[in-house]
Amino acid sequence: MHLPDGIVPVEMALAGYACSAGLVAVALHRIKARPDPQAEIPRVAMLTTVFFAASLAAVPVPPTTVHLMLAGLMGVMLGWFAVPAIMVGLFLQAVLFGHGGLTTLGLNGLILCLPALLALRLWQQIGGRWPDLAAFGAGAGAVVVAIAIFAAIVLTGLPAELDARAERAAVQIFALAHLPLALAEGVIVLVLLRVLRRIEPRLLPDG
Amino acid sequence: MTLLSRLCALTVCAAGCLTPLAAFSHAALIEAETAQAVRLHAFYDTGKPMSHAQVIIYAPDNPVSAWGQGVTDRDGRLEFVLGSETGRWSFQVRQSGHGAMVHVDVTDDAPVVVATGGAQSWGQRLLMVALVAWGALGTALFALTRRKGRDASA
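Given below as structure tokens:
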């Protein structure tokens, strides 16, 4: 679920860059305010690789194909580090795999960074009391929010000469096909955090 | 009936049959000419065809406004005849926020595809993932080494 080049108007692409640049600036400011930001770098580096490679795992969900997004996992595990990590992962996906465009990198960043931050917020709010519910909600909810942002951008930027009705129907089918992925990502985050709780609680994110 | 009157009646009938009547005079005319056609095949990088995707065509003299539209078939294919203008024609295929643009240089001789996307093999993809993983591992180890060095000096 990456916007390729040429799909959205230039104004939207520029606005996407401006918004994502602002988001990265806020994230870096929050990271800098942490007592020891460098301590998180190994975890950030490894999860960035997982995020980068996840887009290769295409799962056929008729009539379309979906791939893992892992925005919820990134948000819960990395906190504000998720924003630069996702942007780096998206850049590498665009350059190396052609997944997503370079002109739409800002918009793609918003599509995944905002759900990651919402997942983080959910985990911080209820992760202490109901960790399983928070983990599942963060993983699944991030997919749903990402799909909603993606659909809003696509439908807002439709060119006049396109059959809007057909494109709306295609986007609806595409969104419905991602519901199994939302459940799957919810289970992935739930299982991962459970395993960490048992094996290595020090690696658990702050709840 | 006399012989003369029979001859007159026969002549009238023959004239009626041979004279083209306005109601039955739709002549079929055919003009044939050769033209340059373009055949598109749109598919995702998974190999799945972009069935019933929308195609927007931009002519060389106006790359902003669409020259025409079309829809791919079940196999992601679409064929159409271009206009007479030579130059770079652009074709955008899109479906549910996914899509790609391809350009075709049309000359007086034949259309030439000058840019199109190509799917990577799994070997190439795995190699790139391995390279990125190696970079991340190196970054992680570098950060850990620096941290240990800092802790030791403290």
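Here the protein sequences come in this chain order: A and B.
Start counting at 1 in the first sequence, then tack on 76, and there's your number in this note's numbering.
Start counting at 1 in the second sequence, then tack on 1465, and there's your number in this note's numbering.
Using N, Cα and C, we set each Cβ at its ideal position, and we do this for glycine too.
- Query: What residues from chain B crowd round residue 118 of chain A, counting only those whose CB sits closer than 7 angstroms?
  - Reply: 1605, 1608, 1609
- Are the beta-carbon atoms belonging to residue 1560 of chain B and residue 1518 of chain B less than 8 angstroms from one another? yes
- Message: Whole angstroms are fine: how far does the CA of residue 214 of chain A sit from the CA of residue 1550 of chain B?
- Response: 54 angstroms
- Taking DSSP as the reference, what is the three-state secondary structure of residue 142 of chain A? strand
- Can you give me the start and stop residues for the beta strand (DSSP E) that residue 1563 of chain B sits inside? 1563 to 1571
- Report yes if the CB atom of residue 150 of chain A is closer than 8 angstroms to the CB atom of residue 134 of chain A, and no otherwise. no
- Specify, as a first and last residue, the run of the alpha helix (DSSP H) that residue 1553 of chain B falls within. Per DSSP, residue 1553 of chain B belongs to no alpha helix (DSSP H); it is in the beta strand (DSSP E), 1552 to 1560.
- Query: So, helix, strand or coil for residue 210 of chain A, using DSSP?
  - Reply: helix
- Provide the residue span of the alpha helix (DSSP H) that contains residue 105 of chain A, from first to last. 86 to 108
- Got a sec: is the Cβ-Cβ distance from residue 1549 of chain B to anything in chain A below 8 angstroms? no
- In chain order, what residues of the same chain lie with their CB nearer than 7 angstroms to the CB of residue 103 of chain A, ignoring the 5 residues before and after it? 156, 159, 160
- Query: Counting contacts by CB-CB distance shorter than 8 angstroms, is residue 72 of chain A in contact with chain B?
  - Reply: The structure shown does not extend to residue 72 of chain A, since chain A is modelled only from 77 to 283, so the question has no answer here.
- Message: Less than 8 angstroms between CB atoms is the rule here; does residue 101 of chain A satisfy it with respect to chain B?
- Response: no
- Using a C-beta cutoff of 8 angstroms, does residue 260 of chain A count as contacting chain B? no
- Item | Local Cβ density within 10 Å of residue 232 of chain A, reported as buried at 16 or more and exposed below that | exposed
- Distance, Cα to Cα, residue 1528 of chain B vs residue 1570 of chain B? 13 angstroms
- Item | Pick from B:1572, B:1526, B:1521, B:1614 that is closest to residue 1543 of chain B, judged by C-alpha positions | B:1521
- Item | Interface residues of the region 114 to 140 of chain A facing chain B [CB-CB below 7 angstroms] | 114, 115, 117, 118, 121, 122, 124, 125, 128, 129, 132, 134
- CA-to-CA distance, residue 1616 of chain B to residue 113 of chain A, given in whole angstroms: 15 angstroms
- Query: Are the region 231 to 251 of chain A and the region 109 to 124 of chain A touching by the rule of at least three beta carbon pairs closer than 8 angstroms?
  - Reply: no
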